[in-house]
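The sequence shown: position 142 = 142 (full-length UniProt numbering), numbered continuously.
Presented below is the structure to which this report refers.
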Amino acid sequence: MNGQTGEGAGSGAAIGRRPTNGARPLPLLLHVGSIVEGKMEALILEPSLYTVKAVLILDNDGDRLFAKYYDDTYPTVKEQKAFEKNIFNKTHRTDSEIALLEGLTVVYKSSIDLYFYVIGSSYENELMLMAVLNCLFDSLSQMLRKNVEKRALLENMEGLFLAVDEIVDGGVILESDPQQVVHRVAVRGEDVPLTEQTVSQVLQSAKEQIKWSLLR
1 MNGQTGEGAG SGAAIGRRPT NGARPLPLLL HVGSIVEGKM EALILEPSLY TVKAVLILDN
61 DGDRLFAKYY DDTYPTVKEQ KAFEKNIFNK THRTDSEIAL LEGLTVVYKS SIDLYFYVIG
121 SSYENELMLM AVLNCLFDSL SQMLRKNVEK RALLENMEGL FLAVDEIVDG GVILESDPQQ
181 VVHRVAVRGE DVPLTEQTVS QVLQSAKEQI KWSLLR
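So this is what it looks like as structure tokens:
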């Protein structure tokens with residue numbers, strides 16, 4: 001899904017490890033100490049690869065603007081849309097950032113007319129999910145010049161898709177540093193052939209014209 005290589009640096013270092021040969025990302029190994037006959041013994045446990053179950057962005061009516069599911073918890077679009085309505089109804093009027101819903105852990109935040117959600121299992125570390133949420137939001141804030149609202153997002157959907165793919169691949173967290181994400185998105189955007197860019201611009205222009213004609 002994502003062919004970029006390299007790892008984050010500094011305090012926002014990459015959480016997963018992206019191999020350079022095109023293989024699936026590797027999870028970090030968790031070292032856990034156990035007591036055996038009064039002695040500490042180190043164990044190496046491999047956590048689940050599928051840390052993130054879904055990334056969602058809804059508008060202030062609870063309608064989907066972006067959704068990416070990484071497993072079959074909600075296998076059909078109908079089930080996904082029902083879940084999204086439920087999650088919106090339970091969260092859009094609260095000041096909390098974390099919720100438990102339908103056996104899942106949900107972290108979320110809002111900006112003007114947008115609601116951002118990252119979904120994990122009920123036993124997932126909320127801090128890991130929050131790192132994904134903050135990285136996505138901060139990356140978009142830089143890309144949209146701090147204008148994180150619906151219209152600006154609709155005009156930059158290609159950048160959104162690229163950013164999400166840089167942060168999460170198949171449910172595996174790859175990156176938590178928004179600076180790295182923005183840099184890679186810019187590089188990948190430059191790699192898109194001119195013909196593809198032209199088609200994308202035409203489709204975007206047509207979509208905007210249809211949207212505004214419906215609002216008149």
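Backbone N, C-alpha and C fix where the C-beta goes; we use that ideal spot for every residue, glycine too.
Since the model is a prediction, treat every value here as computed from it, not as a measurement.
Go ahead and pull the three-state DSSP assignment for Arg93.
For the purposes of this step, residue 93 is taken as residue 93 along the sequence shown, with counting starting at 1. Correct three-state label for Arg93: coil.
How would you call Arg145, buried or exposed, if buried means at least 16 neighbouring beta carbons within 10 angstroms?
As a first step, residue 145 is located in the sequence shown; it is residue number 145 there, counting from the start. Exposed, by the Cβ-count rule.
Between the CA atoms of Ile112 and Lys53 - distance to the nearest angstrom:
Position 53 of the sequence shown, counted from the start, is the residue given in the question as residue 53. Position 112 of the sequence shown, counted from the start, is the residue given in the question as residue 112. Taking the straight line joining both Cα atoms gives about 25 Å.
Whole angstroms are fine: how far does the CA of Leu136 sit from the CA of Gly189?
For the purposes of this step, residue 189 is identified with residue 189 of the sequence shown, where counting begins at 1. For the purposes of this step, residue 136 is identified with residue 136 of the sequence shown, where counting begins at 1. Gly189 and Leu136: Cα-Cα distance of roughly 17 Å.
Jot down the residue ranges of each uninterrupted alpha helix (DSSP H) in the UniProt domain "AP complex mu/sigma subunit" (51–190), minimum 4 residues, whole runs only, in chain order.
77–91, 126–143, 150–154 and 157–167
Using a Cβ-Cβ cut-off of 6 Å (strictly less than) and excluding sequence neighbours within five positions of Gly62, which residues of its own chain qualify?
As a working mapping, residue 62 is identified with position 62 in the sequence shown. If we look at Gly62 and ignore the five residues flanking it on each side, its Cβ neighbours are Lys85 and Phe88.
Separation of Phe83 from Met143, as counted between CA atoms:
Position 143 of the sequence shown, counted from the first residue, corresponds to residue 143. Position 83 of the sequence shown, counted from the first residue, corresponds to residue 83. Each residue's alpha carbon lies about 29 Å from the other.
Inter-residue CB distance, Gln80 and Ala67 (contact presumed, cutoff 8 Å)
The residue given as residue 80 occupies position 80 in the sequence shown. The residue given as residue 67 occupies position 67 in the sequence shown. Indeed they touch by this definition, with Cβ atoms about 6 Å apart.
Determine whether the Cβ of Pro178 lies closer than 9 Å to any Cβ atom of chain D.
Included in the structure is just one protein chain, with no chain D present.
For Gln179 and Gly103, I'd like the C-alpha separation in whole angstroms.
Residue mapping note: residue 179 aligns to position 179 of the sequence shown, counting from 1. Residue mapping note: residue 103 aligns to position 103 of the sequence shown, counting from 1. Each residue's alpha carbon lies about 33 Å from the other.
For the putative contact between Leu101 and Lys90, defined by C-beta atoms under 8 Å, what is the C-beta separation to the nearest angstrom?
Locating residue 101 in the sequence shown gives position 101, where the first residue counts as 1. Locating residue 90 in the sequence shown gives position 90, where the first residue counts as 1. With 8 Å as the limit, Leu101 and Lys90 qualify as a contact, their Cβ atoms being about 6 Å apart.
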